[in-house]
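Asker: Dumping the structure here so I can ask a few things about it.
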Amino acid sequence: AQSVAQPEDQVNVAEGNPLTVKCTYSVSGNPYLFWYVQYPNRGLQFLLKYITGDNLVKGSYGFEAEFNKSQTSFHLKKPSALVSDSALYFCAVRDIYNFNKFYFGSGTKLNVKP
Amino acid sequence: GAVVSQHPSWVICKSGTSVKIECRSLDFQATTMFWYRQFPKQSLMLMATSNEGSKATYEQGVEKDKFLINHASLTLSTLTVTSAHPEDSSFYICSARDSGVYEQYFGPGTRLTVT
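In order, the protein sequences belong to chains A and B. Under this note's numbering, the letters of the first sequence match residues 1 to 114, in that order. Under this note's numbering, the letters of the second sequence match residues 115 to 229, in that order.
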């Protein structure tokens, strides 16, 4: 079975500071990993994905994520947080047997304070 | 490109009535669409996979007679919540897979409140 875990319900960071939102995965085989962001009462917006290749993946809005196979992690990072980054972030893994199926983490609420 | 819309964005209905939610891919064809349900402060749970021209595939525990899905064209899927009850109140999100690529694009969601 495939799954992802987001250990933090909430992350607080000051504007201008670096941010990290954690995600670990459990996959039998090569993982296809994704990060999405959700603003209040809105759907999910794609940020970035890891399929294969470089472990550091760059995505939208200055976000990046580092794939670490030994630690089975795919943490989302940004060098300098903005207040507008405050939102709900979801890590997801695609089912390796059914590409249509995603398994989402429980979500992490990011609060960026001015 | 790759825009998915949902209508309505917000609906309130009385217990016992039925509500239809539309999901449209605006600039691409989607042979497959997906319906998710999200409870407050929780993650998305896949309800069903909607295939154009055929019956939807429901996830375990989802009542197919309660959540009717129709995917009549390559750009439209509908979810009808029949005989709605307050416990059906939730945020319903659809996504659509571009037929040409293995990418899913999410709609903005529909908030259903059953009174």
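For each residue, glycine too, the CB sits at the ideal point set by N, CA and C.
#1: Using a Cβ-Cβ cut-off of 6 Å (strictly less than) and excluding sequence neighbours within five positions of A/Y32, which residues of its own chain qualify?
#2: How big is the Cα-Cα spacing for B/V158 and A/K101?
#3: Please state whether DSSP places B/E177 in a helix, a strand or coil.
#4: Spatial neighbours of B/W232 within its chain, please: CB distance less than 6 Å, with the 5 preceding and 5 following residues excluded, ordered by chain position.
#5: Helix, strand or coil, according to DSSP, for A/V83 in the structure here?
#6: Output yes if chain B places a C-beta closer than 8 Å to the C-beta of A/F74; else output no.
#7: Say yes only if the C-beta of B/S191 is nearer than 7 Å to one or more non-hydrogen atoms of the ligand PLP, and no if none qualify.
#8: Within 8 Å (strictly less), CB to CB, does A/K101 reach chain B?
#9: So with Cβ pairs under 8 Å, would you call A/S86 a contact of chain B?
#10: Along the chain, where does the beta strand (DSSP E) containing B/Y206 start, and where does it finish?
#11: Specify whether the stretch 74-83 of chain A and the stretch 49-66 of chain A touch according to this definition: at least 3 beta carbon pairs, one from each stretch, less than 8 Å apart.
#12: According to DSSP, simplified to helix, strand and coil, what is B/S123?
#13: If you follow the beta strand (DSSP E) that A/K113 is in, where does it begin and where does it stop?
#14: Does the count of Cβ pairs from the stretch 35-51 of chain A and the stretch 8-20 of chain A closer than 8 Å reach three?
#15: Would you identify the three-state DSSP class for A/S60, choosing helix, strand or coil?
#16: Who are the neighbours of A/F90 on chain B, taking C-beta pairs under 9 Å?
#17: Determine the closest residue to B/I183 out of B/E173, B/G175, B/T189 and B/A162, with distance taken between C-alpha atoms.
#18: Which value, in whole angstroms, describes the spacing of the CA atoms of A/K69 and B/G130?
Answerer: Quick look at the numbers:
#1: I51 and R94
#2: First, the residue type needs correcting, since residue 158 of chain B is Leu and not Val in the sequence shown. Counting only the Cα atoms, A/K101 lies some 12 Å from B/L158.
#3: Three-state result, B/E177: coil.
#4: Coverage of chain B is limited to positions 115 through 229, which leaves residue 232 of chain B absent and any answer about it impossible.
#5: Reduced to three states, the DSSP call for A/V83 is helix.
#6: no
#7: As far as ligands go, the structure on display features none, and thus does not contain the ligand PLP.
#8: yes
#9: no
#10: S204 to R211
#11: yes
#12: coil
#13: T108 to K113
#14: These segments do not touch.
#15: helix
#16: S157 and L158
#17: Taking only the C-alpha atoms, the option nearest B/I183 is B/A162.
#18: 50 Å
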